[in-house]
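Student: Its first residue numbered 3, the sequence shown is counted upward by one per residue in our numbering. Ideal placement from N, C-alpha and C gives every residue a C-beta, glycine not left out. Note that this is a predicted model, so its numbers are computed, not measured. Take a look at this one; I'll ask things after.
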Amino acid sequence: MGDHTGAPRRRAWGMILAAVVALAALSGCAAAPGMSDTSVASAASSRHYHSPRYGLAIAYPQGVPAARRFEADYFLGTRWNPDAAAAVPGDALLALTLPGSNTITRGVMRIGASRAPRALAACSGPSSGPAGAPAEPRRVLIDGVAFTRVDTGDAAMNHHLQRHSYRAVTAGRCIAIDLIVTGVNPSVYASPPARPFDRETAFARLEALLSRLRLE
């Protein structure tokens, strides 16, 4: 008599193999704590971040370091909107750092958002411009949505910061985007690392990343 168990065994192994392949495909996805946001690698040398909760997505090059939290620096903390009151809740969604960034010059794009009523009532950016000068807000469009942009800066103890802040209330959410260039005076180092790029180049690259943002 023939072995009648061969076909069932082959089918069982086929099902196991299919499950392993599916699990491997999902390994490129990561969910932010408490949210269903995803960051997925694609075959086109880019990664895709999507936040269903806040209805925004962005594709960015594979070589751009990404994080689901904000790192504190000399001037800024880790809050979703550095200009919001401490009691206003929100989520730090994504931080993209320019490749090559170091302590001399570092470029980062932060994207934060909130649906809290207090955030919607005061979806604000910085209240002053560089060196404490009055803020000069201007209207810009990002994926067809009107944002208020304010540029500001600060310097202290051999550290410096320049920031382009974008704020908008749209579809029941406050979106806070900050393009940030920070650095340290090279003279504080005996052998300073090379400057990876100048401030203008950093902002040009950050704005190129920002242009990839899509709002739902």
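(1) I'd like the span of the alpha helix (DSSP H) that includes F225, first residue to last.
(2) Excluding five sequence neighbours on each side, which residues of the same chain lie with their C-beta closer than 6 Å to the C-beta of A94?
(3) Return the CA-CA distance between A227 and T40, expressed in angstroms with no decimal places.
(4) Below 8 Å on the Cβ atoms is my contact criterion, and I expect S193 with D180 to pass it. Report the Cβ-Cβ distance as a whole number of Å.
(5) In whole angstroms, what is the alpha-carbon distance linking A124 and S47?
(6) My output table needs one value for F205: the three-state DSSP class, helix, strand or coil.
(7) Let me know if S189 comes out buried or exposed under the rule of 16 or more other beta-carbons within 10 Å of its beta-carbon.
(8) Taking A170 as part of the beta strand (DSSP E), name the residues at either end of that continuous run.
(9) Apart from the five residues just before and just after Y1, which ones in its own chain have a Cβ nearer than 6 Å to its Cβ?
(10) For V90, which residues in the same chain have their Cβ closer than 8 Å to its Cβ, ignoring the five residues on either side in sequence?
(11) How should Q64 be labelled, buried or exposed, when 16 other C-beta atoms within 10 angstroms of its C-beta is the threshold for buried?
(12) Judging by CA-CA distance, which residue of E138, Y56, L163 is the nearest neighbour of V229?
(13) Return the CA-CA distance between L78 and L215, expressed in angstroms with no decimal places.
(14) Checking 9 Å against the spacing of the C-beta atoms, do L96 and P67 come in under that value?
(15) In this structure, what does DSSP give as the bridge partners for F149?
(16) Do R175 and P128 count as a contact pair if the criterion is CB distance below 9 Å?
(17) Tell me the rounded alpha-carbon separation between F2 and E218.
(18) Is the closest heavy atom of the ligand NAP to the C-beta of V186 under 8 Å?
(19) Looking at R141 and T154, is the spacing between their C-beta atoms short of 9 Å?
(20) Less than 8 Å between C-beta atoms, sequence neighbours within five positions excluded: which residues of the same chain meet that for E202?
(21) Would you call S53 buried or exposed, if buried means 16 or more other Cβ atoms sit within 10 Å of its Cβ?
Tutor: The answer reads as follows:
(1) What is shown of the chain runs 3 to 218, which leaves residue 225 out entirely.
(2) Hits under 6 Å: R71, F72, W82, G114.
(3) Since the first residue of the chain shown is 3 and the last is 218, residue 227 is not available in this structure.
(4) That belief does not hold up - the Cβ atoms of S193 and D180 are roughly 31 Å apart, past 8 Å.
(5) Each residue's alpha carbon lies about 38 Å from the other.
(6) The three-state reading of DSSP puts F205 in helix, counting H, G and I together.
(7) The residue in question, S189, is exposed, as its Cβ has fewer than 16 Cβ neighbours within 10 Å.
(8) Annotation: the continuous beta strand (DSSP E) that includes A170 extends over 161 to 172.
(9) Residue coverage of the chain in this structure runs from 3 to 218, which leaves residue 1 outside it and unanswerable.
(10) The residues N83, S116, A118, R120, A121, A124, in chain order, have a CB closer than 8 Å to that of V90 in the same chain once the five nearest residues on each side in sequence are set aside.
(11) Exposed: under 16 other Cβ atoms inside 10 Å.
(12) Since the displayed the chain opens at 3 and closes at 218, residue 229 lies outside it and no answer follows.
(13) Computed Cα separation, rounded: 23 Å.
(14) Not in contact: L96 and P67 (Cβ atoms no closer than 9 Å).
(15) Beta-bridge pairing links F149 to V142.
(16) No, the pair does not count as a contact, with Cβ atoms beyond the cut-off.
(17) This structure leaves residue 2 out entirely; the chain is present only between 3 and 218.
(18) No copy of the ligand NAP occurs in the structure displayed, which carries no ligand at all.
(19) Not closer than 9 Å, so no.
(20) Shown here for E202: not one same chain residue has a beta carbon closer than 8 Å to its own, the five before and five after excluded.
(21) It counts as buried.
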